[in-house]
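In UniProt numbering, the protein residues as written are 1 to 322.
Where a beta carbon is used, it is the ideal one built from N, C-alpha and C, also for glycine.
Here the structure is a predicted model, which means the values were calculated and not measured.
The structure under discussion appears below in the form of structure tokens.
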């Protein structure tokens, strides 16, 4: 099979396309013929050795995929031919992937491989952040920073589905136009407008929640825009800069600042995780939410796709058509 390989930590341009042996399933595992894989910002960090965890090289990057089961190990209920979506820390950017059966589920009828591949990580991250961490209620004003990115646009989609008043903040008119089409109630171009002032103008008393997958210079003005008792959820630092927050702002407004990491959420909050996943699966199967796919690349152009995400050019999800 063909697979993308990270031989040593570095930029996307250092990745190579290689022929590797086809995987063989063991107990509790499945082999999936990959039809589509999704690119996530952590993939960029992982191949560069800058993620929280490091995978020994060489490895095949990619954490979420959709395809067809072609072989199963002992103790697995899935059958060859089943259309499935799967997640794993690495291994998705290849023609075949070996996955734990626990990380694989069937694709709902009527849903294609690409949206199935692009749904898992970003939508779970956004839904856990909105539903369980920020505890967003109908009519809450929710500010989404980096709103045109993978997690950001998922948060716009899901915030609207939850009945919130979603304020999408992004860095260009093109990105904001997509947010508007996806249902955002208001948009802010934070490269050209004062973020704090615009949020106050839109909300009056301030927002009830901020979701921030970007970090950098916009975190503090967004936090200052929160209403008394508001919740600020930090999800990542796509800007490359980790902000420092003056704690007196937190004290004076009674603000809650909380972090959420998708990798450990299920372990830390098992009850909320089960509830959220059941609700999210229903939203997806019913067609009420679905990822916006902004760009697609063939397997041999995976490095280009990762560079596209690293340079913050992506709108919504970037898909590898395997």
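query: Bridge-paired residues (DSSP) for residue 279; result: Answer by DSSP bridge pairing: none, since residue 279 is not bridged.
query: Stretch pair the stretch 64–76 + the stretch 33–46: three plus CB contacts closer than 8 Å; result: yes
query: Any non-hydrogen atom of the ligand HEM within 7 Å of residue 79 CB; result: Inclusion of the ligand HEM in the displayed structure is not the case, the ligand content being empty and no account of it being possible.
query: Distance, residue 163 Cα to residue 42 Cα; result: 29 Å
query: Beta-ladder partner(s) of residue 118, from DSSP; result: Beta-bridge pairing links residue 118 to no other residue.
query: Sub-8 Å separation of residue 4 and residue 89 beta-carbons; result: no
query: C-beta atoms of residue 320 and residue 297 nearer than 8 Å; result: yes
query: The alpha helix (DSSP H) enclosing residue 181, as first and last residue numbers; result: 173–181
query: Neighbourhood of residue 144 by C-beta distance below 6 Å, restricted to the same chain and skipping five residues each side; result: 152, 155, 156, 168 and 211
query: C-beta contact flag for residue 74 and residue 27 at 8 Å; result: yes
query: Three or more C-beta pairs below 8 Å linking the stretch 115–126 and the stretch 302–309; result: no
query: Sequence-distant residues of its chain with Cβ nearer than 6 Å to residue 108 (five each side left out); result: 285
query: Euclidean distance between Cα positions of residue 288 and residue 181; result: 14 Å
query: Three-state secondary structure assigned by DSSP to residue 193; result: coil
query: Coil, strand or helix - residue 312 by DSSP; result: coil
query: Where the alpha helix (DSSP H) containing residue 366 begins and where it ends; result: The shown model of the chain, from 1 to 322, leaves out residue 366, and the question about it has no answer.
query: Under the three-state DSSP convention, the category residue 14 falls into; result: helix
query: contact_flag[the stretch 5–15, the stretch 43–56] where n(CB pairs < 8 Å) is 3 or more; result: yes
query: Whole alpha helix (DSSP H) elements within the stretch 221–265, 4-residue minimum; result: 247–253
query: Closest residue to residue 314 among 201, 260, 178 and 99 (Cα-Cα distance); result: 178
query: Limits of the alpha helix (DSSP H) - the one that residue 211 falls within; result: Element bounds for residue 211: not the alpha helix (DSSP H) but the beta strand (DSSP E), 207–212.
query: Candidates 306, 316 and 317: closest to residue 61 by CA position; result: 306
query: Burial state of residue 140, where buried means 16 or more other Cβ atoms lie within 10 Å; result: buried
query: Residue 20, enclosing beta strand (DSSP E) - first and last residue; result: Taken as a continuous stretch (DSSP letters only), residue 20 belongs to no beta strand (DSSP E), as it is neither H nor E.
query: 6 Å CB neighbourhood of residue 112 in its chain, flanking five on each side removed; result: none
query: Opening and closing residue of the beta strand (DSSP E) in which residue 44 lies; result: Not the beta strand (DSSP E): residue 44 falls in the alpha helix (DSSP H), residues 41–47.
query: Distance between residue 278 and residue 77 (C-alpha atoms, nearest Å); result: 20 Å
query: Straight-line gap, residue 202 to residue 187 (C-alpha atoms, nearest Å); result: 9 Å
query: Residue 86 - partner residues in DSSP beta bridges; result: 65 and 104
query: Distance between residue 255 and residue 148 (C-alpha atoms, nearest Å); result: 26 Å
query: Backbone CA spacing between residue 19 and residue 192 [nearest angstrom]; result: 47 Å
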